[in-house]
Amino acid sequence: MREGNATDWLYKFNWNDQEMVHFTKSSSYSLYLTAELSGNYQCIGRRNGLTDFTKQSNNLTLSISDEGIYQCRGRRGNPVFFTNLSKVYHSQKTLSNRAFVTLQQNWTQIFSGEMITIKCEIQGGENTEWQYEWRTTSSKTPPTHSEYNISRASFSYNGQYWCKGRRDLFFSTAWSDAFTLKVSNKPRPTITAERRTIPAGGNATLSCSVGSYNEWKYFWFRRASVFTEIQVIRNEEPDQMITVTQGGIYYCKGGRGNPVFFTEDSDPITIEKRVSSKAVVSLEPSWPLIFSGEKITVRCRISLGRRTEWEYEWSKPDSSTVLTNNASINLNASVISSGSYRCMGKNKQELYSVTEWSDVITLTVSGNRPKASISADSRVLPEGDAVTLTCSVTPSTPGWSYYWYRGRRLLVQRRTRQPSLLHRLQ
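Per my numbering, the very first residue in the sequence shown carries number 49; after that it's consecutive.
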C-alpha cells in the first residue's frame with residue numbers, strides 16, 4: 049500500500065471472491081499451484097487499528113494447467129552421472145467442444161468418380177482459430193485443414209474417418225465419432241415404359257430410376273434408328289417420368305452435384321408408334337386352294353402416303369419374322385408353304401413408326417396333283433353330227449383354263465376359259 053509504512057497495514061487474500069487468508073501482517077502469500085486453483089485473485093489492505101479504512105487491489109487471473117511438454121532423466125553417484133533425456137511427453141487438455149465429421153453433399157451413397165467434401169465441424173468453436181487433425185483407416189493421407197476435398201472418389205477412399213480440433217499445442221477437442229465412407233460402383237439407372245407400343249394419336253410414359261435416391265436429375269435421349277444420331281430430348285429433368293409421342297430407341301441417365309456427375313447410360317428401350325393406316329395382305333392369284341409347284345405371290349399393301357418409303361416385316365408360317373424392302377413374297381408353292389401370313393410396314397425414315405399388323409391370310413397348298421376328266425354328251429354319233437365335250441378338274445377349284453386335244457393333235461390353238469367344247473365329227 050502506498051499510504052504510510054508497510055507495517056501500518058494488514059493484508060488478506062481472496063480467491064474467486066472467497067477468503068483464502070484472513071488479515072495478517074504479511075503482504076505476500078505462497079501456494080502450490082494446481083489446475084484446480086485457476087481463477088481470479090485479489091488482495092485487500094486495512095490500516096492497522098482502522099477497521100473501516102480498506103483498499104482493494106486489481107484482479108489477477110491465473111490459468112493453471114497440467115498441460116505441457118515433459119521430459120525426465122536419472123542421476124546417481126558422485127560425481128553425478130546422468131542418463132539421457134527421456135522421450136518428450138505431451139500433456140494435453142481435452143476441451144468440452146465436440147468435433148463432428150460430416151459429408152457436405154449429404155448423400156446417402158457415394159459413387160466412384162464423384163467429387164465430394166468431408167468436413168470437420170466443431171461445436172461451439174466458431175470464434176476459435178482451430179488447427180485440424182485427421183485420422184483414417186483408408187489408404188489415403190488426410191489434410192490438416194477443416195475440409196477434405198476428394199476430386200474423384202475411388203475405392204481407395206473407403207474407410208472410417210475421425211477428426212479433432214486443436215486450439216494450441218496443449219488444448220484440443222476429443223476425437224470425433226467415426227464417419228464411414230463407402231464408395232460404390234457407378235450406378236446404371238433402370239428405364240421402364242408403361243407400354244412399348246404407342247397407339248395412333250396416343251403417347252407413352254417412360255420412367256428412369258437410380259435406386260431409391262431422390263437427389264438425382266434425369267437426362268433423356270432418343271434415336272430414330274440404330275443408324276441415326278442421338279437426340280437430347282430432356283436435360284436436368286427433376287421428374288423421373290416423361291411422356292413421349294414418337295417411336296424410337298430411348299435411354300436415360302442420372303446426374304447430380306456440381307460439376308455434374310453422371311451415371312452409366314441405362315439399357316435402351318424400344319418404343320414403337322402405330323400410324324393410322326393398317327397393312328393389308330393378299331394372295332395373287334387369290335385361289336382358295338393352291339397345288340404344289342404353282343407360282344403364288346403374297347403381297348402387302350399400305351395406303352398411307354405415296355411419299356413414305358416402307359420396309360416390310362413379314363410373319364410366316366414357320367413363326368419366323370423377316371424384315372425386307374420387298375412388298376411381296378414370291379413362292380414356288382409346296383406343302384410347307386401352307387399356313388398363315390401377315391405383314392406390317394415400318395417407315396424407313398422412322399423405323400419405329402409402324403403400321404398395325406395386317407389381318408392374317410391363310411395359304412393352303414395341296415401336295416396331290418389335280419386330275420382332269422373328259423366327258424361327252426353322247427358316245428355314238430353319225431358322221432357330221434356335233435358332240436359336246438366337257439373337261440373337269442378334281443378337286444374342283446376356280447381359275448382353270450382348258451386345252452383340247454384329239455390324239456396328240458391340238459384341236460384349239462388357244463386355251464379356253466370354258467370347260468365345254470362343241471366339236472363336229474368329220
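The C-beta atom is built at its ideal place from N, Cα and C for all residues, glycine as well.
With burial defined as no fewer than 16 other Cβ atoms inside 10 Å of the residue's Cβ, what is the status of residue i: buried or exposed?
{"i": "A248", "result": "exposed"}
{"i": "P237", "result": "buried"}
{"i": "N233", "result": "exposed"}
{"i": "K103", "result": "exposed"}
{"i": "S134", "result": "exposed"}
{"i": "F203", "result": "exposed"}
{"i": "K230", "result": "exposed"}
{"i": "S351", "result": "exposed"}
{"i": "E162", "result": "buried"}
{"i": "R322", "result": "buried"}
{"i": "V370", "result": "exposed"}
{"i": "G213", "result": "buried"}
{"i": "N395", "result": "buried"}
{"i": "Y360", "result": "buried"}
{"i": "L143", "result": "buried"}
{"i": "T345", "result": "exposed"}
{"i": "G93", "result": "buried"}
Can you give me the C-alpha to C-alpha distance between residue i and residue j, rounded to a whole angstrom?
{"i": "W448", "j": "R465", "result": "7 Å"}
{"i": "I239", "j": "E263", "result": "17 Å"}
{"i": "Y450", "j": "L458", "result": "11 Å"}
{"i": "W268", "j": "I377", "result": "40 Å"}
{"i": "L411", "j": "T245", "result": "29 Å"}
{"i": "M289", "j": "N251", "result": "13 Å"}
{"i": "I409", "j": "S367", "result": "14 Å"}
{"i": "W57", "j": "S74", "result": "9 Å"}
{"i": "L379", "j": "K265", "result": "55 Å"}
{"i": "P191", "j": "E285", "result": "36 Å"}
{"i": "L79", "j": "K60", "result": "14 Å"}
{"i": "R349", "j": "R355", "result": "14 Å"}
{"i": "T293", "j": "D313", "result": "22 Å"}
{"i": "L151", "j": "N283", "result": "27 Å"}
{"i": "R200", "j": "F275", "result": "35 Å"}
{"i": "D315", "j": "P307", "result": "24 Å"}
{"i": "T372", "j": "G393", "result": "10 Å"}
{"i": "S401", "j": "P467", "result": "50 Å"}
{"i": "A241", "j": "S260", "result": "18 Å"}
{"i": "T185", "j": "T82", "result": "38 Å"}
{"i": "L85", "j": "I170", "result": "28 Å"}
{"i": "N206", "j": "N374", "result": "60 Å"}
{"i": "W452", "j": "I384", "result": "33 Å"}
{"i": "Q153", "j": "Q208", "result": "17 Å"}
{"i": "N62", "j": "F101", "result": "18 Å"}
{"i": "K188", "j": "S255", "result": "39 Å"}
Which residue's Cα is closest to the Cα of residue i: the options?
{"i": "Y298", "options": "G305, E285, I350, A272", "result": "A272"}
{"i": "Q157", "options": "F218, G305, G295, I409", "result": "G305"}
{"i": "S423", "options": "E431, G415, V413, T436", "result": "T436"}
{"i": "R95", "options": "N88, T253, F71, V402", "result": "F71"}
{"i": "S257", "options": "E67, E277, E361, P235", "result": "P235"}
{"i": "R215", "options": "E181, E398, L379", "result": "E181"}
{"i": "S160", "options": "G302, L81, F309, E84", "result": "F309"}
{"i": "S194", "options": "W178, S388, P316", "result": "W178"}
{"i": "E404", "options": "G415, A327, Q397", "result": "A327"}
{"i": "S414", "options": "E284, I350, G341", "result": "G341"}
{"i": "E67", "options": "D425, C91, S468", "result": "C91"}
{"i": "G172", "options": "V460, W335, N145", "result": "N145"}
{"i": "V329", "options": "D407, P127, A226", "result": "D407"}
{"i": "L110", "options": "K167, F148, N64, C391", "result": "N64"}
{"i": "P336", "options": "Q153, D315, G387", "result": "G387"}
{"i": "E320", "options": "T345, T221, E398, S260", "result": "E398"}
{"i": "S426", "options": "Y389, T438, T184", "result": "T438"}
{"i": "S382", "options": "A375, T184, C391, P365", "result": "P365"}
Since residue i and residue j should fall inside the 8 Å C-beta cutoff, what is the C-beta to C-beta distance between them, to a whole number of angstroms?
{"i": "E332", "j": "R347", "result": "6 Å"}
{"i": "R121", "j": "F129", "result": "In fact, because the Cβ distance is near 11 Å, the residues do not count as touching under 8 Å."}
{"i": "T253", "j": "T291", "result": "5 Å"}
{"i": "T165", "j": "Y196", "result": "7 Å"}
For residue i, collect the residues of the same chain with a Cβ closer than 8 Å to its Cβ; drop the 5 residues on either side in sequence, then sort them by chain order.
{"i": "P418", "result": "F339, V441, T442, P443, T445"}
{"i": "Y137", "result": "I117, Y118, Q119"}
{"i": "N175", "result": "none"}
{"i": "S224", "result": "R146, A147, F148, V149, C168, W210, C211, K212"}
{"i": "S324", "result": "A248, G249, L352"}
{"i": "E277", "result": "R271"}
In its own chain, which residues sit with a C-beta less than 6 Å from the C-beta of residue i, not counting the 5 before and 5 after it?
{"i": "R270", "result": "Q279, I281, G296, Y298"}
{"i": "N107", "result": "N88, Q90"}
{"i": "S105", "result": "Q90, C91"}
{"i": "R123", "result": "F130"}
{"i": "S363", "result": "T369, R390"}
{"i": "R183", "result": "W210"}
Grab me the residues of residue i's own chain with a C-beta within less than 7 Å of its C-beta, minus the 5 sequence neighbours each way, in chain order.
{"i": "T311", "result": "K234, P235, R236, P237, V258, K301, G302"}
Is residue i near the ligand NAP, with its Cβ less than 8 Å from a heavy atom?
{"i": "Q466", "result": "Absence of the ligand NAP from the depicted structure is noted, as is the absence of any ligand whatsoever, leaving it without description."}
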